[in-house]
Structures are given as structure tokens and as C-alpha cells.
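*Asks:*
Protein chains: 6
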Amino acid sequence: MFKAVFPGSFDPPTLGHMNIIERASFLFDELVVIIAENRQKRYFFSAQERLDMMQELVKPWKNVSAIIWDHLIVDYMKQENIRLMVRGVRGMDDFSYEFELSMMNKALYPHIETLFMTTDPKYFVLRSSSIRELASFHGDVSAMVPPLVAEALHRKNP
Amino acid sequence: MFKAVFPGSFDPPTLGHMNIIERASFLFDELVVIIAENRQKRYFFSAQERLDMMQELVKPWKNVSAIIWDHLIVDYMKQENIRLMVRGVRGMDDFSYEFELSMMNKALYPHIETLFMTTDPKYFVLRSSSIRELASFHGDVSAMVPPLVAEALHRKNP
Amino acid sequence: MFKAVFPGSFDPPTLGHMNIIERASFLFDELVVIIAENRQKRYFFSAQERLDMMQELVKPWKNVSAIIWDHLIVDYMKQENIRLMVRGVRGMDDFSYEFELSMMNKALYPHIETLFMTTDPKYFVLRSSSIRELASFHGDVSAMVPPLVAEALHRKNP
Amino acid sequence: MFKAVFPGSFDPPTLGHMNIIERASFLFDELVVIIAENRQKRYFFSAQERLDMMQELVKPWKNVSAIIWDHLIVDYMKQENIRLMVRGVRGMDDFSYEFELSMMNKALYPHIETLFMTTDPKYFVLRSSSIRELASFHGDVSAMVPPLVAEALHRKNP
Amino acid sequence: MFKAVFPGSFDPPTLGHMNIIERASFLFDELVVIIAENRQKRYFFSAQERLDMMQELVKPWKNVSAIIWDHLIVDYMKQENIRLMVRGVRGMDDFSYEFELSMMNKALYPHIETLFMTTDPKYFVLRSSSIRELASFHGDVSAMVPPLVAEALHRKNP
Amino acid sequence: MFKAVFPGSFDPPTLGHMNIIERASFLFDELVVIIAENRQKRYFFSAQERLDMMQELVKPWKNVSAIIWDHLIVDYMKQENIRLMVRGVRGMDDFSYEFELSMMNKALYPHIETLFMTTDPKYFVLRSSSIRELASFHGDVSAMVPPLVAEALHRKNP
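Residue numbers (the numbering used here), protein chains in the order written: chain A, 1 to 158; chain B, 1001 to 1158; chain C, 2001 to 2158; chain D, 3001 to 3158; chain E, 4001 to 4158; chain F, 5001 to 5158.
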């Protein structure tokens, strides 16, 4: 029985995130999408908004759930006895950061295994921060995020 | 009749920027330097100050003009029917960011071609943010920016 | 009247190369594809074979031609009074090499401008060496190279 | 029932490889270590020697086996109906190559998932080629490879 | 008589910093640890707190001292007639930034030599910002910073 | 009394190498340039030719000498009780390789300190392999190597 977590800010969720979730849902018995909430950071969408969007988006997969977590990710994994963490990487820049993060996590919880999955090339441009900026200019984000996220972005950028 | 844009923050313009502008002025019939103004970002020099400096600096080249633009760069290019965007890259770090940006722009406007030009090695250190920091310590920036920019920096760092 | 060269080994030409050629054919009045022949290197296809394939492939564009050149690329550019060199980059690794090469070329011929164009993400995997290796295992290369190249690869890997 | 492959040259196997194998043996129901044999490449140890070493080394894990394969890795995966490939990455350089390889493999077999695991920092220096070179100078490789590999290297470098 | 500086924010000092200081103390006759204070940046620990911690930490090495400096580092080096600057690099990301910084410094003071030392792999994860974030979640930082820093972090994150 | 080694293939020595040697000669009491000779590699200039060139080139600095060494560099350092190794890095690619090499060397000889010096931007293009290739095409290498090396290259490429 393999359980894995897929943590992130998801501010907002992108088609790239959903691509990783879909593929990971086939690899593990259970996948928990963790909406990270760090009280020292500022988000565009609140934790509750991000959770609501994600819970709607993961409905197609019965073995995928979503939660908010405002402590260390490794603390959730220890508490739930989960050893696997999935991370999507779009290229070198992502990997450099993820590589360091995975070593930090392993130092905190040696039983963790971080599994990196590469994002499909067609989703390379889907960085959440770029999408937020694009939406602030009323650019067309419909090919980058699920419809319900596109609507949420439009509501926030009237 | 080839027209190209050269967008950037130019906060402030550096000798590296001017090197790209000079070389690009020979490659295209017309070159528009776009002073990007993003209302969600904070600049050291105002858009008008950056435009005034740039317009003074590009006077030597008859086919180069400068404008302020506060929407998506691709929107200007669509409106003016310009397909070419010039970007200067100083090394790996720049390229990584520029590469992603070019793919985002192409997703928004498939007719765009981003042409990357490499900065001459002697201009490698001329990052606008570093020059601003240097000027804040009253360091000597005279070898890094045109004289009128050096003066503007000194006036802002009394 | 802007002329540009697009040099490479083209051993063999890939759909990624053809994508760059097609896009560059719209940017310049004339584009010369240079089949580089370095007598100290070993090629899978002979220079004549690579030229034959390329000449067939560029027929759709009236302003594109192909030649073999076995000296320094900058010597051809000097001789033909061409200042523009186009290079396609697929990502960080390519760029690192190309960046150095462009500086070397500029040291040899200061009037050169190397213009980098990014390859479309769907062509990222089309490295000639990988395609040759794939063909040697009788893998399916039909989505990676033009049909006439696929046939040539099959003939060489019976 | 999750089966995964862990392909490589293993010329020779290092402690870094064994670290990945040990950790992956806990993640999958079955793990097949594939000794890649490419007839166009030259190896220091023959395929049979590499297989003999690996089979001895994986004895502690009941769900791990080793085979020689001289075609495309994806052909083995298709034939055995295995969708998961494990790859160890030690840093940026490895990842750059692996990233491209994973996209090539996905182009050949869309059902493949490549899962990247990061090597523990203490195994960063264990590149097989460096170990071979070190052994050729009679350097001490005992902290880098399993004892039976160290002996094999000494026998080959009398 | 070789004197060197080792500048940084040290917000807070990590075991990685101390590893560099210890090794550098053997290489130079005198080593000055410079606590950089930039009035336009925000720090977690005040300059005085960082100095107090560092002065306590460097007591074991008689030839190492610590100071606060709120101007350009090169100004201190010019004033004290010191030509050597030591920087620790943990990997590619660090190096990219450090490389550019070293060129900037050399442009400001051509006599400077920046000597890069690589951090031991076991200290790779010790980025000050990550440690501050970890401490804010009450994570265990005892293996990452000296005991007196761990205590200071706990006092600041009650 | 600080002694350092500066190892390399020096096939041939470039102005970039000489720039590092000149600067390092001021940092250490004694600097030994080690001409690495690996019997499993092929060189353009023989070890004796490379030594003859280097010995001529380092004559201006009384504290610099040159030797041939065909074992592990760390063996020479142990034998001579030298702990410092100088390496020049021109950018990210160099650093990636050098970083790994320094960790390998430290694993073999924990007392080693590798000090990285950055090459001046004007010497970025001076890779020995590129210079050899350029010389094979009778390109002008006079701005890249010392005169005696330029002559040696011309003699070898009649």
C-alpha cells in the first residue's frame, strides 16, 4: 500500500500540476495533494480558495485527496507514516531548487524518498507566478489552467 | 521592412543595454525600445525618467525609438504588427529566464520570434540591480552606465 | 538586404533543424544552410549525403540554399560578406556551448552577430546523435526526422 | 503490482548505484536492473562481467534481479509491460542529460514514467568513468565501490 | 603576510560557514569575517546579534576576527590593503551568483582575487534562509548550526 | 610557506592559463604547474613538448616551476606535502566539472584545498581544444596563446 504526497503552493493550480497529479494517481495507491500554507509568505489565493479549487479539480481520481498544511511537509509525512513525496520538474532551474529541497527534507526525515517526475514539454511555460502576472494584464490563460482557475483569476483581476 | 522591439525595465539603462541597441540598430529597419512598466512592481526610476534617459541615449541612431508600455509586450507587438523581439543574454542565468519567457510569449502570440544576442564579455557585470546597489554605496559606476545615467544615479543617492 | 547563415553538422537533419530553417526563412532575405565538414571528425552520413538531403529538404523555400564548407564558418562569412549567423538552442546545455562558440566567432570576426532562436518544445528531443543511436536499434524515428531522412537512416541500418 | 526497471551501463557498479537499488527495492514490488549493452560503445567490463557482478550484488534483495539488454530499454519495458523507470541523479549535470533522455523515452513509449531519485551527497563523486580512471592509476577505490568490484578493478589494472 | 576576508550576511552563521572559516584559517595568516550590513535589506538577526554570534564562534582560531561593515566590501579591502576574498560555494546555483559578483568586484578593484572553496557535501543543505524557515516551523536545526545559533533561533521563534 | 599546484593538460597553454599562473604567483610562495600525462588519453602535443613550452613561459616568475606527472595529482601533492590546488574556471560548465573533481580529490586526500580562480572575461573563449581546432583550419590564434605556442601550432598544422 503505497501512499505519496504532492506538496506545493498551487497559487493557482495549473494544467502542469494537473498533468503530474493525473500521472501520479496511477503510480500510487493513494495521493495526497498538500496545499502548503506558510504564514510568512503572501499568496494570491487564500489557502481555503486554493483548497476549494484543488478539491474540485481532483474529483476525477478516487485515490487523490487535497488538504491544507501549515507546518513542515515532513511533519505531515511522519504523522501519516508516508514516505514518498512527488515533485514535478520542468527543467534545470526547477531541479536545482528541488534537489536542494529534497536533501533538506532527507536531513529532517531520512526515510523520505522524493520522486521527481518531468513535466510534459507542452506544460513548460506554466509557472504559477507567470500565470498570475499574465492574468493581471488580462492575458488569455485558458490554455494554461483548468477552466475553474481561469474564472477565479478573472474574478480577482476585474 | 523588418521591425523589432527590445523590451526591458531599463532601471536604469546600462552600457550593456546600449551595446545591444547599437548592434541591433544595424540588423533591423526599425527598433523600438520598450520601457516596461508593470504597476505591480516597484522601480527605482519612474517610467518617465527611464523614458527620458533612453530617448536621449538612442538619439545617435535614427531608426531607434523608445516608448513606455504598461500592458503585455505581446499586445504591443500584435497592435503594431511586429514579430521580432530582441533580448540580450549575458550568460546561463539570463538565458534560463529568457528561454522560459520566450516560450510563454510564443504561447501567447505564435508569430513571435525572439532573437537572443549575447552581451560582450566586458559588459557581463552590468546588471541594473547591482548597479543600483553599487550606486547606493556611492561606488563608481562610470564604467558601467552612460554619463547621463551616472549623474541620475548620483542625484538619487545624495 | 539581410543574408544569414545557419551552420551545423546536420548528421542527419532533424525536424528541429527544419523548424528553425522555416522560421528563419521569413526573417532574412537569404539564408544559407552550411553543412560543416571537419576532416578531423567522423560523420555518419558523408558531406555529400548530408548536402543532398538538405537541398531536397529546403526546396520549399526559395530564399534558402545549402552548401558544404570545410573551413572555418567565419571564413565563409567574411568571403561572402555575411554578418548574421542563426543558431537554434533547445535548452541550457545547448546554450552553454553556443554561447562560448559565439564568443569565439566574435573574437575571430568582430562583425558577426549570432542570433539564437529557441526550438519549439515539441522538438526538444531531436538531437542528431540520439536519433542515430535510436535508428541503430531500429527504433521508430518517423516523428523526429523528415521522411527522406528516415529512409536514409533505415538504409544505413539494415 | 508495481514493477520498475533501473537501467545503466554499470561499468562498474558503484556504491551510488547500490544506494539507489537498495532504496528502490522498498518502493516497488519488483525491480529489474538492466545492464545496457550497446554494440557501438566500448566498455571496460564485458556485459557478462557486469551482469555477474550485479547479480552477486543484488542478492540481498529478493525482489531485485539483473539482466543484460542490447536493444532499446523501452522495447524491454513494452515487452514486459513495465511502465516505471528509475534513474539516479547526482546533480545538475546528470539531470540535464536524464531530462532529455526521459523525454526521448516518453516520445517512444508514452506510457513510461521516469522517476528520478537523488543520490545521497556522500556518493556524489562516484562516477563510473572517474572510478575507472582512478583505478588505472592504482588509486584507492575501496570507499567508492563494493569489495567485489574493487577486486575486479584491481585484476584489470595489474 | 597574507590576509583575506570572508564576507557574508551570516543571518545566521551555519555549520557550512564555520567549515569554510576553519579551513580558511589554515590557509591565510589572518582572516577577517565581514558581517555585511546593507541598510536597504532586512535581516532576521541584527548586525550586532550576528557579530556577537560570530565573534563567539571564531574564538577557537587566533587569526580569525569578525567585524560589521555597511559599505562596499571592496572599500574595506582597499582601506585595509587586503587583496584576497574567500567565498564558499555549495553548487551550481551559488557559483553562478558568485561568479558574477567576483567580476563586479574585480571591475571595482582590479587587485582583488576571489578564491572559491567548495563546501563539504554534508553541508550542502545549510542555506541560511532555509534554516530560518525551518526554525520558524520549530524544525530541528541542531545538525545545521552551532549550538549558540540554535538557541538564538529558538529564542526568536517562541 | 604556502605551496600550491596548478594542474592541467596544457595542450597547449593558453593566455587564460598564463593569466591564472601570473595571478597565482602573487598568492603563494611557490607554484608548481603540473603537466598531467594520462597514458590512456591522446594529446596533440607530447608531454615533453608541453613541458618545454610551459617552462619557457613561466620563466618571468621566479617562484613558478613546471613538471610532468603521470600519476594521480593527489599522489604528487601527498609526496611533496602540498595541500593547495589552484584551478581556473571560466564559467558554469567548467565549474560543474571542477566541482566534482574537487570532491573526488578531497575524498582521496582530505587535506586538499582546491581554490578556484575565475578567468578574466576576455579569456573566456580560450579553451585548448577550440584553439587546436582553430589552428587546424589555419585560423588566427595569435590573440589566444603566447607567441611560442602560436608558432608550435603552426608547425604542427603545415
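Cβ atoms here follow ideal geometry from the backbone N, Cα and C, with glycine treated the same way.
Let me check understanding here. Comparing Cα to Cα, which of Phe3026/D, Val3005/D, Pro3013/D and Ser3009/D lies closest to Pro3146/D?
*Replies:* Pro3013/D
*Asks:* Based on the DSSP output, what are the partners of Glu85/A in its beta bridges?
*Replies:* Just to set this straight, residue 85/A is Met in the shown sequence, not Glu. According to DSSP, which records beta bridges pairwise, Met85/A is partnered with Val5/A and Thr114/A.
*Asks:* Just checking, does the region 121-136 of chain A make contact with the region 4105-4125 of chain E on the three C-beta pairs under 8 Å criterion?
*Replies:* no
*Asks:* Answer yes or no: do Val3064/D and Leu3031/D have a C-beta to C-beta separation smaller than 8 Å?
*Replies:* yes
*Asks:* Go to Lys5032/F, then tell me how far its beta strand (DSSP E) extends in each direction, as first and last residue.
*Replies:* Just to set this straight, residue 5032/F is Val in the shown sequence, not Lys. Segment Glu5030 to Ala5036, the beta strand (DSSP E) holding Val5032/F.
*Asks:* Are the beta-carbon atoms belonging to Gly3016/D and Thr3119/D less than 8 Å from one another?
*Replies:* yes
*Asks:* In the region 4072-4104 of chain E, which residues sit with their C-beta less than 7 Å from some C-beta in chain B, listed in chain order?
*Replies:* Leu4072, Ser4096, Glu4100, Met4103 and Met4104
*Asks:* By how many angstroms is the C-alpha of Ser5129/F removed from the C-alpha of Pro5158/F?
*Replies:* 18 Å
*Asks:* Output the residue ranges of the alpha helix (DSSP H) runs that lie fully inside the region 127-158 of chain A and measure 4 residues or longer, sorted by chain position.
*Replies:* 128-136 and 147-156
*Asks:* How about Ser5077/F and Val5005/F: are their beta carbons less than 8 Å apart?
*Replies:* Checking the displayed sequence, the identity of residue 5077/F turns out to be Met instead of Ser. Yes, Cβ-Cβ distance for Met5077/F and Val5005/F is below 8 Å.
*Asks:* Quick one: Cα of Arg2090/C to Cα of Pro3121/D, how far?
*Replies:* 29 Å
*Asks:* I need the boundaries of the alpha helix (DSSP H) containing Val3074/D, first residue and last residue.
*Replies:* Start and end: Ile3073 to Glu3080.
*Asks:* Nearest-angstrom Cα distance between Gln1055/B and Glu1151/B?
*Replies:* 16 Å
*Asks:* Any C-beta of chain A sitting closer than 8 Å to the C-beta of Arg3023/D?
*Replies:* yes
*Asks:* Over the uninterrupted beta strand (DSSP E) stretch that includes Ser2046/C, give me the two end residues.
*Replies:* Per DSSP, Ser2046/C belongs to no beta strand (DSSP E) and is neither H nor E.
*Asks:* Please return the same chain residues whose Cβ sits closer than 7 Å to the Cβ of Met5053/F, not counting the five positions on each side in sequence.
*Replies:* Pro5012, Pro5013, Leu5148, Val5149 and Ala5152
*Asks:* Tell me whether the beta-carbon of Ser136/A lies closer than 8 Å to the beta-carbon of Gln1040/B.
*Replies:* At a Cβ-Cβ threshold of 8 Å, Ser136/A and Gln1040/B count as neighbours.
*Asks:* With 8 Å as the threshold, decide whether the Cβ of Thr1119/B is near any Cβ in chain C.
*Replies:* no
*Asks:* Hey, could you find the ends of the alpha helix (DSSP H) Asn3063/D is sitting in?
*Replies:* Per DSSP, Asn3063/D belongs to no alpha helix (DSSP H) and is neither H nor E.
*Asks:* Given that Phe2137/C touches chain D, what residues does it touch there, using C-beta distances under 8 Å?
*Replies:* His3071, Leu3072 and Asp3075
*Asks:* Give the interface partners of Ser5130/F over in chain C, defined as CB-CB distance under 7 Å, in chain order.
*Replies:* Met2104
*Asks:* Strictly under 8 Å for the Cβ-Cβ distance: is Glu3030/D near chain A by that measure?
*Replies:* With 8 Å as the cut-off, Glu3030/D does not count as an interface residue toward chain A.
*Asks:* From what residue to what residue does the alpha helix (DSSP H) around Arg3090/D run?
*Replies:* No alpha helix (DSSP H) contains Arg3090/D, which DSSP labels as neither H nor E.
*Asks:* Please state if the CB of Phe1010/B and the CB of Arg1042/B are separated by a distance shorter than 8 Å.
*Replies:* At the C-beta level, Arg1042/B and Phe1010/B stay beyond 8 Å of one another.
*Asks:* Kindly give me the distance between the Cβ atoms of Met1018/B and Leu1057/B, rounded to whole angstroms, as I take these residues to be in contact under 8 Å.
*Replies:* 6 Å
*Asks:* Taking the alpha-carbon positions, what's the Phe2002/C to Leu2027/C distance?
*Replies:* 9 Å
*Asks:* Would you tell me roughly how many angstroms separate the C-alpha atoms of Glu4037/E and Asn1038/B, rounded to the nearest one?
*Replies:* 30 Å
*Asks:* Using a Cβ-Cβ distance under 8 Å, would Glu5115/F count as near chain E?
*Replies:* A quick correction: the sequence has Leu, not Glu, at residue 5115/F. Yes - at least one Cβ of chain E is within 8 Å of the one on Leu5115/F.
*Asks:* Within a Cβ cutoff of 8 Å, which residues of the same chain sit near Ile82/A, ignoring the five residues on either side of it in sequence?
*Replies:* Excluding residues within five positions, the ones whose Cβ falls inside 8 Å are Lys3, Ala4, Val5, Val32 and Tyr76.
*Asks:* Going by CA-CA distance only, name the one from Val3141/D, His3138/D, Ser3142/D and His3111/D that's closest to Ala24/A.
*Replies:* His3111/D
*Asks:* How long is the line joining the alpha carbons of Ile131/A and Met144/A, rounded to whole angstroms?
*Replies:* Each residue's alpha carbon lies about 8 Å from the other.
*Asks:* Counting only beta-carbon atoms, is Leu4126/E nearer than 8 Å to chain F?
*Replies:* Using a Cβ-Cβ cut-off of 8 Å, Leu4126/E does not count as an interface residue toward chain F, since no Cβ of chain F sits closer than that to its own.
*Asks:* For a contact defined as C-beta to C-beta under 7 Å, what are the partners of Gln3040/D on chain C?
*Replies:* Ser2136
*Asks:* Have a look at Asp1094/B, Glu1080/B and Asp1140/B and flag the residue whose alpha-carbon is nearest the alpha-carbon of Ala4107/E.
*Replies:* Comparing C-alpha distances from Ala4107/E to each of Asp1094/B, Glu1080/B and Asp1140/B shows the shortest one belongs to Asp1140/B.
*Asks:* Ignore the nearest five residues each way along the sequence and tell me which others in Lys156/A's own chain have a CB closer than 8 Å to its CB.
*Replies:* Phe44, Phe45 and Ala135
*Asks:* If the criterion is Cβ atoms closer than 8 Å, does the pair Arg5087/F and Glu5080/F meet it?
*Replies:* no
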